[in-house]
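To keep things clear, I will list the structure first and then write my remarks on it.
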Amino acid sequence: MELKRVVVTGLGALTPIGNTKDEYWEGLVSGKSGAAPITYYDTEKFKTKFACELKNFNVTDFIDRKEARKMDKFAQYAMVAADEAIEDAKLNLDEVDKLRVGVIWGAGIGGLETFQNEVLNFASGDGTPRFNPFFIPKMIADIAPGNISIKHGFMGPNYTTVSACASSANAMFDALNSIRLGHTDVVVTGGSEAAVTIAGMGGFNAMHALSTRNESPETASRPFDATRDGFVLGEGAGALILEEYEHAKARGAKIYAEFIGGGLSSDAHHMTAPHPDGIGVIAVMKNCLQNAGLKPEDVDHINTHGTSTPLGDVAELKAISEVFGDHAKSININSTKSMTGHLLGAAGAIEAISVILAMEKGIVPPTINHTTVDEKIDPELNLTLNKAQKRDVKVAMSNTFGFGGHNACVVFKKLD
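Now the structure itself:
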């Protein structure tokens, strides 16, 4: 069976450094930090008092107030990003065969704030279980693609992938294969997360996973820097419209890039820590290259998982050197989490959008906040430090890894 070709025809982004794909891109290339003191709740007793929240975002600018109240933030974010991507793709919803349009989404946690608030309300009461009737449908991780499909009438495959921080990369790979195998013509894919909450921040603090650089939030996310002390939590959503190539060509769609492959693997090592030798990361990048029919020397740019943790950054870069050999020194490597923070289940989607736009614009966004060389990192690697670099990117890869040892990798190329 000959696999169908898959292209990207629409993008939508809602991030801590920009509320549209264009604002997001401007933030990336200018090296903008999205980290700032938390405004959602009182942080006095918390170890970490900052995060990458959305800025100047009012959901009722996009969704009717009554409908928005039925959704957790993560689902609201999904709707906003998906609508932008659908509009960007110029899909004619009156002409498209909605039986062949799917929505495959990623979320690592889902409606955390909804769950938190309902439990706190119950605990503060008299023991009578007075729960909101929308508690369960607001909380469940699969409700985001459900809401997207209900709004637009998309009747193809509809579900959420959950693999912690690899969730939206998993969703994109599933969407790719759905079109490749001829099951769908179009898939709305991506991911969303809204974990900047009392429970989210408290839980990650208890794991010692978050940076505590409270005196300088904007410099706290510093992948590859010797003084990094943990990741910065972010929130938002990224959406991509994937389309079968002939379908896109027939309707005269703008094509951003071709989605040529993906890979999955497991560390099978530890609940939260990466394998120190990067065995699972080596495997996932090799799997991705094989799936795409690429040689290591074909890759120009890699957006790393690069969360700014002491163990993870080193293990990933060692894996890149192992897979790409001497060519690793010729690749523009970066971590856009230095600017957006870590969007958990949405990370794979917004970072895929970054590499796609890097190909379109001929610019690789920087890894900001680097001040101190880490002697454990190969100094010959080009980590695109502190300033964007011009480059003709023909093939770009994005890595995303999750607690539980889940590894996902996706790769795109300029259309021939």
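According to our numbering, the sequence shown is numbered sequentially starting from 1.
For glycine and all other residues, C-beta sits at the position ideal for the given N, C-alpha and C.
Given the structure is predicted, the values throughout are model-derived calculations rather than measurements.
Just to confirm, are residue i and residue j a CB contact at a threshold of 7 Å?
i	j	result
residue 302	residue 11	no
residue 344	residue 193	yes
residue 52	residue 234	yes
residue 338	residue 217	no
residue 206	residue 213	no
residue 336	residue 310	no
residue 9	residue 241	yes
residue 346	residue 238	yes
residue 169	residue 400	yes
residue 198	residue 41	yes
residue 327	residue 360	no
Given a threshold of 16 other Cβ atoms within 10 Å of its Cβ, counted over all protein chains shown, does residue i qualify as buried or as exposed?
i	result
residue 103	buried
residue 391	buried
residue 109	buried
residue 292	buried
residue 125	exposed
residue 289	buried
residue 85	buried
residue 81	buried
residue 247	buried
residue 1	exposed
residue 182	exposed
residue 147	buried
residue 276	exposed
residue 384	buried
residue 215	exposed
residue 244	buried
residue 127	exposed
residue 306	buried
residue 378	exposed
residue 106	buried
residue 268	exposed
On a Cα-Cα basis, can you pick out the residue from the options that is closest to residue i?
i	options	result
residue 187	158, 214 and 167	158
residue 97	32, 126 and 156	156
residue 79	46, 398, 263 and 143	143
residue 190	362, 13, 394 and 368	13
residue 264	120, 87, 178 and 167	167
residue 236	341, 67 and 64	341
residue 376	225, 399 and 358	225
residue 370	378, 387 and 134	387
residue 367	32, 101 and 150	32
residue 334	304, 358, 350 and 75	304
residue 151	208, 93 and 200	93
residue 208	57, 273, 185 and 355	273
residue 395	355, 378, 139 and 47	355
residue 362	379, 413 and 177	413
residue 55	24, 269, 380 and 83	24
residue 200	111, 358 and 177	111
residue 329	380, 284, 140 and 313	380
residue 15	358, 389 and 348	348
In chain order, what residues of the same chain have a beta carbon less than 7 Å from the beta carbon of residue i, not counting five sequence neighbours either side?
i	result
residue 174	104 and 161
residue 271	403 and 404
residue 266	280, 405, 406 and 407
residue 180	3, 4 and 6
residue 73	113 and 194
residue 26	18
Residues in the same chain with beta-carbon distance under 8 Å from residue i, minus the five sequence neighbours each way, listed in chain order, please.
i	result
residue 278	315, 316, 318, 319 and 322
residue 232	35, 50, 51, 52, 210, 211, 217, 220, 221, 308, 337, 341 and 342
If you draw a straight line from the C-alpha of residue i to the C-alpha of residue j, how long is it?
i	j	result
residue 228	residue 254	40 Å
residue 331	residue 325	11 Å
residue 196	residue 372	29 Å
residue 90	residue 130	44 Å
residue 136	residue 295	46 Å
residue 118	residue 250	49 Å
residue 30	residue 38	23 Å
residue 77	residue 382	34 Å
residue 261	residue 411	5 Å
residue 393	residue 45	46 Å
residue 171	residue 87	21 Å
residue 419	residue 71	Within the shown structure, residues of the chain are numbered from 1 to 416, placing residue 419 beyond reach of any answer.
residue 165	residue 28	20 Å
residue 123	residue 286	49 Å
residue 101	residue 153	9 Å
residue 350	residue 163	16 Å
residue 134	residue 374	49 Å
residue 43	residue 116	16 Å
residue 139	residue 145	13 Å
Can you list, in chain order, the residues of its chain with a C-beta nearer than 6 Å to that of residue i? Leave out the 5 residues immediately preceding and following it.
i	result
residue 415	255 and 258
residue 397	299, 302 and 411
residue 62	80
Does chain D have any CB closer than 7 Å to the CB of residue i?
i	result
residue 42	Among the protein chains of the structure shown there is no chain D, as only one such chain exists.
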